[in-house]
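Quick notes on the structure that follows.
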Amino acid sequence: MFPYQRHRRLRKNEAIRSLIRENYLSPQDFVLPIFVAEGENIKQEIPSMPGIYRHSLDLTIKEVKEIWDLGIKAVNIYVKVDENLKDNTGKEAWNPDGLMQRTIREIKNAVPEMIVMPDVALDPFSMYGHDGIVSKGEVLNDETNDALVKMSLAQATAGADFVAPSDMMDGRIGAIREALEENGFPNVGIISYSAKYASSFYGPFRDALDSAPVDNQEIPKDKKTYQMDFHNAYEALREVEEDINEGADIVMVKPGMAYLDIVRMVKDNYNIPVSVFQVSGEYAMIKAAAANGWLDHDQIVLESLTAFKRAGADMIFTYFAKEAACLLNS
Ligand code: PBG
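Each residue of the sequence shown is one higher than the one before, counting from 2 in this note's numbering.
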C-alpha cells in the first residue's frame, strides 16, 4: 500500500519547515574565546586561525563592545604570556596586575553586563607548556590544584563572573569552590571543563599562545595523563558527576564536532547546563576548506553550530561567534 506517512509534507516550503523546527541558533548561545596580548594597538592574526587575532587590551575592549552589540553575552579569556614571565609554578597567573587580571577588570569596567569567564589552567604561564606543575617527568595533581585555587581567587578578585578550569586535574572543582566560598566569592560560578579530551584538534590554539608542551626528554610530551582518552565515552559521565558533586555550575564537553555523542550523553544523564567547545582545529578546518572553495563557509558555520544545539548543548564556545552572530542578525 502507498505510504500514509509522507514526511515531505512537512518539508514542502520554508513556512512549514520553520513551524516544525526543533532547534534554533541565536547569538545568545555563544561564548567567544579571546586572545589578549601585551602592548597597545596590537592586532596579530594567528596564522592557523584566519580571522582570529591576539589583541592588545585597548583593542580587546573595542572588540568586546562590538560583540555585546551583536548580542553575544560572554567571553572566555586567554592571555599570551611573555617567555620571561613563564616558570614551572605558573605564578604569573595570580599576579594581581598580570595581563589576565587587568583584562578582566577592564572588560567589566567597559561592559559591566558582559559575562567574563577567564580560563583557569597553567599552560600559558608554564615554561613547559603543561596545564600543571611538572616534577620528575610527571604533572603533579594536588600541587597544581593549589596553584589553580590562587589563580581562581585572583580572577574572582578582578571581577570574573565565572572561572573556567580547563586543566583536568582531579579534585580542582571542589578545591576552587571551597576557596571561593571561604574568601567572599559565593556568587562566582564555575564552568568546568569536565569532559576534556586529549585531542589533536587543539593545535592552532597552542600556536596562538605559544603554549604547546616543550620538546624535552624530562617532561611528558602530551597531556594524556590528565586529559581524557578519546576512545572513551562512559568515563565522561564519571568526570561530570564528580564535578557536579564538587560544585560545578556548568559542565563542558571539548572538543565539539567529533564529540557530539558525549554532549548528548551528558545532557540526557544530568540536569545541569551543558556547554561545548568548538575548538581551534575545528575552526581551522572549516576556514581552510572554505578558502579553497570546497565548502560554503556561512552555511557550514550555521550547520555545525546548530548541530551542537541539536546534540543538547545549552551554550557554545566558538571562534565563529562574531561571524555567526552577524549572519543570524542579518
Ligand atoms: C589549555 C587549553 C587548551 C584549549 C583551551 N584551554 C589547549 C590544551 O588543552 O592543550 C584549547 C582550545 C582550542 O583549541 O580552541 N588549558
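Ideal Cβ placement from N, Cα and C applies to all residues, glycine included.
Rounded to the nearest angstrom, what separates residue i and residue j at their Cα positions?
i, j, result
"Glu107", "Ile62", "7 Å"
"Ile174", "Tyr5", "54 Å"
"Lys151", "Phe206", "24 Å"
"Ser281", "Asp147", "28 Å"
"Gly40", "Met266", "43 Å"
"Gln123", "Ser27", "The sequence shown places Leu at residue 123, rather than the Gln named in the question. Their backbone Cα atoms lie some 32 Å apart in a straight line."
"Trp295", "Trp95", "45 Å"
"Ile273", "Ser195", "12 Å"
"Phe126", "Val215", "13 Å"
"Tyr260", "Met316", "15 Å"
"Ala155", "His8", "56 Å"
"Glu67", "Val302", "20 Å"
"Lys87", "Asp223", "19 Å"
"Val241", "Val112", "32 Å"
"Asp297", "Asn246", "43 Å"
"Pro119", "Phe163", "7 Å"
"Glu243", "Arg18", "41 Å"
"Tyr227", "Gly133", "10 Å"
"Ala326", "Asp30", "10 Å"
"Gly314", "Asp59", "The amino acid at residue 314 is misidentified as Gly; the sequence shows Ala. Whole-angstrom Cα-Cα distance: 32 Å."
"Phe309", "Asp262", "10 Å"
For residue i, count neighbouring Cβ atoms within 10 angstroms of its own Cβ and tell me buried if that reaches 16, exposed if not.
i, result
"Ala292", "exposed"
"Met337", "What the structure shows of the chain is the stretch from 2 to 331, and residue 337 is not part of that stretch, so it cannot be assessed."
"Arg55", "buried"
"Ala159", "buried"
"Glu304", "exposed"
"Gln279", "buried"
"Asn270", "exposed"
Considering residue i, what are the terminal residues of the beta strand (DSSP E) in which it resides?
i, result
"Glu240", "Element bounds for Glu240: not the beta strand (DSSP E) but the alpha helix (DSSP H), Tyr235 to Glu247."
"Ser57", "Met50 to Ser57"
"Met316", "Met316 to Thr319"
"Lys44", "Lys44 to Ile47"
"Met118", "Ile116 to Val121"
"Gly190", "Gly190 to Lys197"
"Ala75", "Ala75 to Val80"
"Met152", "Here Met152 belongs to no beta strand (DSSP E); instead the alpha helix (DSSP H) covers Asp143 to Ala159."
Alpha helix (DSSP H) containing residue i: first to last residue?
i, result
"Asn217", "No alpha helix (DSSP H) holds Asn217; DSSP gives it neither H nor E."
"Gln102", "Leu100 to Ala111"
"Pro205", "Gly204 to Leu210"
"Val280", "Looking at the DSSP string, Val280 is not in any alpha helix (DSSP H), and its letter there is neither H nor E."
"Met169", "Premise fails: Met169 is in no alpha helix (DSSP H) and is neither H nor E."
"Ile263", "Leu261 to Asn270"
"Ile301", "His298 to Ala312"
"Lys323", "Ala322 to Asn330"
Considering only DSSP beta bridges, list what residue i is partnered with.
i, result
"Phe31", "Ile317"
"Asp88", "Ser127"
Would you call the segment 89-103 in contact with the segment 183-197, where contact means no fewer than 3 C-beta pairs closer than 8 Å?
no
Check whether the segment 63-71 touches the segment 316-330, counting contact only when three or more Cβ pairs, one atom from each stretch, lie closer than 8 Å.
yes
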